[in-house]
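**Q** There's a structure below that I have some questions on.
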């Protein structure tokens, strides 16, 4: 269309001189050919000199990279890791990424850990040629619900996700298998992005819980999520992002007693929804950006749980009969070219404590020998309401092998 | 029937006429490419840039506001050779603009027009620091490469906007004439610099060295992108004393404390030179940038 319009436009521009005499088709063709040759000669006259021959860089092979995530737990009482290890390989992630064809890019992340063995962490197709600024994603991916959940755990500024994410969404964040579509908007002059997702289920299945029917037996039992990002530049060096997210779906919740007709049933399905808002403020002076930066981030989430009447379901419902709220505030200062210090305060009504308040304060020290390795030390004090406080001392080393990846923003 | 035909003709005229008035939207990764694009495109393009001249182009943040800049762009021109690898993929992915995506007509890897130097051979790994495996990307600090960039832009703009090809060609010639005149004026400074030993912070001055004839005897960075260690600083001090280097040149975005330390030990002068247009106040175009850097260096090494 553009080529046609441009060609026509050029023809129209030449019209006054052409209109002086009748033009035959043969004349016109010859004139066009001469004009074209002259145009090409002009372009060649200013064309860049040939560059030096280079080693062939064309490649079809995908990018393959590996991230190692090593964690040490030197907590005074006992290891607080899921594996119980004091020193362990928390995860090795193998990423295989490539453009698939003119329409899709493909990303596959395989995870390996001592606790969970080998698994498909993420595997998705991303469209690259949809009209109207749309982008769709199909497969298993990090769910765009909340701010930190969209970051791989090993890329976080802390060793673990904030407690509200761990308790409301999952210790390793939230992944979903399904379909997601997003669109960048700017109707008010600033950046907005709307992300809508539909996934097979909300959260990972707990193998210990078996309900009579799959939570997604009905379409409304699948997981549905939405996120609206809003971003503003306050100045060249400061910006702020304020976003809102929501997810809903049915999940298995524990039942105390199995129904008489099927003793393998251990759960009933109940709707769970999480809504949240997050705020991130960033400061990074452009000229001194190698040495100075600051991030302040806060996120709040509210988990709503369907109240199941025990009389109406098989077994005796033992799932949550209340809603929970929680959040965190995190700040991180860059104190040198390769050194950062940070702190986080968490507070939530913990579903694992029946809604009792869990507070946690932590400090973190990050050192980046290079862009491809990171050493982290973290101290955290966990204080469950009415329980015994726990001190945690965690160490982490991560490394990346393979192509240079973009820095997460 | 006549009314329909008239309406169709009117619509066709409108469709054809719109591109005649539309400017090419050109976004560049750096201010140097922006300045040259602006000179070549004149009022036929609307140009903007992502990075600032006083900012390290390796470490630009992929801010969502840049996505808005890119999503309507007709041309995305970048330095290439992995200079922008830390942020460009996120922006292009977010922009969802097939015109400037890899393979799109408006996706312009400017390094394709350059005779690249420092292309590593043999086994390369990250123990060597932040090595650019396709060669040194700081090529714009050589006026001959500036001309290549301008000619590449003229050809690309003409390809996308053929009706203004003659304007782009004329603008390019005018820009080259101005650069030639500027170059003639700084010839005596080049003579003063030729063969003089200097220390550079990063490998970003390699093309500048090729052009000016200055001899880089040591780098403050032991390996590209790696901050200097105390042991390496001692080596630099030794190299300065042995070679008689009078200047340590570095970009405004690096901390100059360690360079000051070497300067105090050796008597060399720390020269903070802008590597890009806008790198210091008052340097607003490419010829000014080259003139400023050459004049400062010549004064320091004379």
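Chains as they are written, first to last, in my numbering: chain U, 264 to 672; chain R, 1110 to 1411.
Even glycine gets a Cβ: it sits at the ideal position worked out from N, Cα and C.
On a predicted model such as this, the values are computed, not experimentally measured, just so you know.
1. What whole-angstrom Cβ distance do residue 1138(R) and residue 1162(R) have, given they're in contact under 8 Å?
2. From residue 1192(R) to residue 1169(R), what distance separates their C-alpha atoms?
3. Please tell me whether residue 1263(R) and residue 1277(R) are closer than 7 Å, where the distance is taken between their beta carbons.
4. Quick check: what's the CA-CA separation for residue 289(U) versus residue 1149(R)?
5. Considering just the uninterrupted stretch of the alpha helix (DSSP H) at residue 1276(R), what are its terminal residues?
6. For residue 1366(R), is the classification buried or exposed, using 16 other Cβ atoms within 10 angstroms of its Cβ as the cut-off for buried?
7. Tell me which same chain residues have a C-beta within less than 7 Å of the C-beta of residue 1285(R), skipping the five on either side of it?
8. Report the rounded CA-to-CA distance for residue 389(U) versus residue 1379(R), giving the unit in angstroms.
9. Please check if any C-beta of chain U sits within less than 7 Å of the C-beta of residue 1338(R).
10. Cβ closer than 7 Å: which chain R residues qualify as neighbours of residue 593(U)?
11. Could you confirm whether any beta carbon from chain U is found closer than 7 Å to the beta carbon of residue 1196(R)?
12. Excluding the 5 residues flanking residue 332(U) on each side, which residues of the same chain have their C-beta closer than 6 Å to its C-beta?
13. Tell me which residue opens and which closes the beta strand (DSSP E) that residue 1351(R) is part of.
14. Between the beta-carbon of residue 1354(R) and the beta-carbon of residue 1326(R), is there less than 7 Å?
15. What does the Cβ neighbour count give for residue 602(U), buried or exposed, with the cut at 16 atoms within 10 Å?
16. Report buried or exposed for residue 378(U), applying the criterion of at least 16 other Cβ atoms within 10 angstroms of its Cβ.
17. In the DSSP assignment, the beta strand (DSSP E) including residue 506(U) goes from what residue to what residue?
18. Do residue 1240(R) and residue 1229(R) have their C-beta atoms within less than 7 Å of each other?
19. Within 10 angstroms of its Cβ, does residue 644(U) collect 16 or more other Cβ (buried), or is it exposed?
20. Would you say residue 295(U) faces chain R, with C-beta separation under 7 Å as the test?
21. Does residue 1153(R) come out as helix, strand or coil in the three-state DSSP assignment?
22. From the beta carbon of residue 1163(R), is the nearest beta carbon of chain U less than 7 Å away?
23. Please say whether residue 1394(R) and residue 1218(R) have beta carbons closer to each other than 7 Å?
24. Mark residue 630(U) as exposed unless 16 or more other C-beta atoms lie within 10 angstroms of its C-beta, in which case mark it buried.
25. So which residues of chain U does residue 1235(R) contact, with C-beta pairs closer than 8 Å?
26. Would you call the stretch 1174-1186 of chain R and the stretch 447-455 of chain U touching, i.e. three or more CB-CB distances under 8 Å?
27. In the DSSP assignment, find the unbroken beta strand (DSSP E) run with residue 603(U) in it and report its ends.
28. Which residues in chain U sit within 8 Å of residue 1246(R), going by Cβ to Cβ distance?
29. Apart from the five residues just before and just after residue 337(U), which ones in its own chain have a Cβ nearer than 6 Å to its Cβ?
30. According to the Cβ coordinates, are residue 1357(R) and residue 1340(R) closer than 7 Å?
31. Can you pull the DSSP bridge partners for residue 564(U)?
32. Spell out whether any CB of chain R is found under 7 Å from the CB atom of residue 660(U).
33. Does the Cβ of residue 354(U) lie closer than 6 Å to at least one heavy atom of the ligand ATP?
34. To the nearest angstrom, report how far apart residue 1202(R) and residue 1167(R) are at their CA atoms.
35. Are there 16 or more other CB atoms within 10 angstroms of the CB of residue 470(U), so buried, or fewer, so exposed?
36. With which residues is residue 1306(R) paired in a DSSP beta bridge?
**A** The structure says:
1. Actually they do not touch by this definition, with Cβ atoms about 12 Å apart.
2. So the two alpha carbons sit approximately 10 Å from each other.
3. Yes, the pair counts as a contact, with Cβ atoms nearer than the cut-off.
4. With a pLDDT of only 42 at residue 289(U), under the threshold of 50, the placement of this residue in the model should not be trusted; the figure read from the coordinates follows. Residue 289(U) and residue 1149(R): Cα-Cα distance of roughly 36 Å.
5. Element bounds for residue 1276(R): 1274-1294.
6. Exposed, because fewer than 16 other Cβ atoms sit within 10 Å of the Cβ of residue 1366(R).
7. Only 1256, 1259 meet the Cβ criterion.
8. Rounded to the nearest whole angstrom, the CA to CA distance from residue 389(U) to residue 1379(R) is 49 Å.
9. At a cut-off of 7 Å between beta-carbon atoms, residue 1338(R) makes no contact with chain U.
10. By Cβ distance, chain R contributes nothing, its closest Cβ being about 18 Å from residue 593(U), past 7 Å.
11. Closer than 7 Å to the CB of residue 1196(R) there is at least one CB belonging to chain U.
12. Within the same chain, residue 332(U) has close Cβ partners 353, 354, 417, 661.
13. For residue 1351(R), no beta strand (DSSP E) encloses it; the enclosing alpha helix (DSSP H) starts and ends at 1339-1352.
14. A distance below 7 Å separates the beta carbons of residue 1354(R) and residue 1326(R).
15. Residue 602(U) comes out exposed.
16. So residue 378(U) ends up on the exposed side.
17. Residue range 501-517 is occupied by the beta strand (DSSP E) that includes residue 506(U).
18. Closer than 7 Å, so yes.
19. Its Cβ having fewer than 16 others within 10 Å, residue 644(U) is exposed.
20. Residue confidence is low: residue 295(U) scores 48 on pLDDT, short of 50, so the model does not pin down where it sits. No coordinate-derived value is stated.
21. Residue state, collapsed to three classes: helix.
22. Taking Cβ atoms only, chain U reaches closer than 7 Å to residue 1163(R), which makes this a yes.
23. No.
24. Per the 10 Å Cβ criterion, exposed.
25. Residues of chain U with a Cβ closer than 8 Å to the Cβ of residue 1235(R) are, in chain order, 633, 635.
26. Three or more beta-carbon pairs drawn from the stretch 1174-1186 of chain R and the stretch 447-455 of chain U are found closer than 8 Å, and the two stretches are therefore classed as touching.
27. Per DSSP, residue 603(U) belongs to the beta strand (DSSP E) from 602-613.
28. Going along chain U, no residue has its Cβ under 8 Å from residue 1246(R), so there is no contact; the nearest lies around 13 Å.
29. Cβ within range, chain order: 656.
30. Not in contact: residue 1357(R) and residue 1340(R) (Cβ atoms no closer than 7 Å).
31. Bridge partners of residue 564(U): 539(U), 589(U).
32. Not an interface residue.
33. Of the ligands one can find in the structure shown there are none, so the ligand ATP has no counterpart to examine.
34. Taking the straight line joining both Cα atoms gives about 18 Å.
35. Label assigned to residue 470(U): exposed.
36. Bridge partners of residue 1306(R) according to DSSP: 1324(R).
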